[in-house]
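In the numbering used here, the protein residues as written are -2 to 171.
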Ligand code: GNR
Ligand code: NI
């Protein structure tokens, strides 16, 4: 297993749509293991493949709080079948938008289908933080970031800071 580099906004790859996978093999599982290691080390509760520069419909999630009781979830080709009419608000962050957080309203529950780590078809109904996290990650697979759910004013403010952050990082490296 190895840790991968996380892509930081602004980066055009984060706006691209990820591609559906055709098969589940050891090479794919290796990538999922790398994504999980990258997510745990960040630390974060979710990660989409595009965030490590790979445009494939792959997500890893672990919302367990206890570090000793890991509960990783691997989602291949996740599809949201339905969303509840009721909504909930969570303070969201994103590993591709370091240091920025905002309250985002989303459907409280979602019913999804996906392929698991072994290659079996699965379905789950999620609520609470898991539901929010799944929707945040599926957004990534469609080139959508949480700031796209904010007003233009708030979004532009965050984007401006991220542009500066990237310039500052380049100054240190160059
Ligand atoms: O680590 C993360 N925390 C989080 C908090 C609330 C809603 C969504 C998330 S996902 C985020 C990691 C990430 O950027 N996933 O794409
Ligand atoms: Ni994110």
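No residue lacks a Cβ here, since even glycine has one placed at the ideal position from N, Cα and C.
None of these values were measured; they are calculated from a predicted model.
Mark residue -2 as exposed unless 16 or more other C-beta atoms lie within 10 angstroms of its C-beta, in which case mark it buried.
As a first step, residue -2 is located in the chain shown; it is residue number 1 there, counting from the start. Classification for residue -2: exposed.
In whole angstroms, what separates the C-alpha of residue 151 from that of residue 157?
Taking the chain shown and counting its residues from 1, one reaches residue 151 at position 154. Taking the chain shown and counting its residues from 1, one reaches residue 157 at position 160. Cα to Cα, residue 151 sits roughly 10 Å from residue 157.
Under 8 Å by Cβ, that's how I've got residue 3 and residue 39 pegged, so tell me the actual separation to the nearest angstrom.
Within the chain shown, numbered from 1, the residue matching residue 3 stands at position 6. Within the chain shown, numbered from 1, the residue matching residue 39 stands at position 42. At roughly 7 Å, the Cβ-Cβ gap stays under 8 Å, so residue 3 and residue 39 are in contact.
Residue 73 to residue 22 span [Cα, whole Å]:
Within the chain shown, numbered from 1, the residue matching residue 73 stands at position 76. Within the chain shown, numbered from 1, the residue matching residue 22 stands at position 25. Each residue's alpha carbon lies about 12 Å from the other.
Considering only heavy atoms of the ligand NI, does any lie closer than 8 Å to the CB of residue 39?
Residue numbering aside, residue 39 sits at position 42 when the chain shown is read from its first letter. For the ligand NI, not one heavy atom lies less than 8 Å from the Cβ of residue 39.
So, is residue 75 buried or exposed, given that buried needs 16 or more other C-beta atoms within 10 angstroms?
Here the question's residue 75 lines up with position 78 in the chain shown. Buried is the call here.
When every heavy atom of the ligand GNR is checked, does at least one fall within less than 8 Å of the C-beta of residue 35?
Along the chain shown, read from residue 1 onward, the residue named residue 35 stands at position 38. Flag unset: Cβ of residue 35 not near the ligand GNR.
Range covered by the alpha helix (DSSP H) that runs through residue 128
Start at 1 with the first residue of the chain shown, and residue 128 comes out as number 131. Start and end: 125 to 138.
Ignore the nearest five residues each way along the sequence and tell me which others in residue 66's own chain have a CB closer than 8 Å to its CB.
Taking the first residue of the chain shown as position 1, residue 66 is located at position 69. Around residue 66: no qualifying Cβ.
Beta carbon of residue 138 nearer than 9 Å to that of residue 0
Your numbering for residue 138 matches position 141 in the chain shown. Your numbering for residue 0 matches position 3 in the chain shown. Contact flag unset, no.
Taking the Cβ atom as the reference point for each residue, do residue 10 and residue 126 lie within a distance shorter than 9 Å?
The sequence position of residue 10 within the chain shown is 13, counting from 1. The sequence position of residue 126 within the chain shown is 129, counting from 1. No, the pair does not count as a contact, with Cβ atoms beyond the cut-off.
Tell me, which residues are paired with residue 57 by DSSP?
For the purposes of this step, residue 57 is taken as the residue at position 60 of the chain shown. DSSP lists 44 and 71 as partners of residue 57.
Roughly how many angstroms lie between the CA atoms of residue 104 and residue 92, to the nearest whole one?
Reading the chain shown from its first residue, position 107 is the one you call residue 104. Reading the chain shown from its first residue, position 95 is the one you call residue 92. In a straight line, the C-alpha of residue 104 is about 22 Å away from that of residue 92.
Residue 134 vs residue 60 beta-carbon contact at 9 Å
Here residue 134 refers to the residue found at position 137 when the chain shown is read from its first residue. Here residue 60 refers to the residue found at position 63 when the chain shown is read from its first residue. Against a cut-off of 9 Å, the Cβ pair of residue 60 and residue 134 comes out as no contact.
Contacting residues, own chain, Cβ-Cβ under 6 Å from residue 101 (five flanking each side not counted):
To locate residue 101, count along the chain shown from 1; it is residue 104. So the qualifying residues of the chain are 89, 143 and 146.
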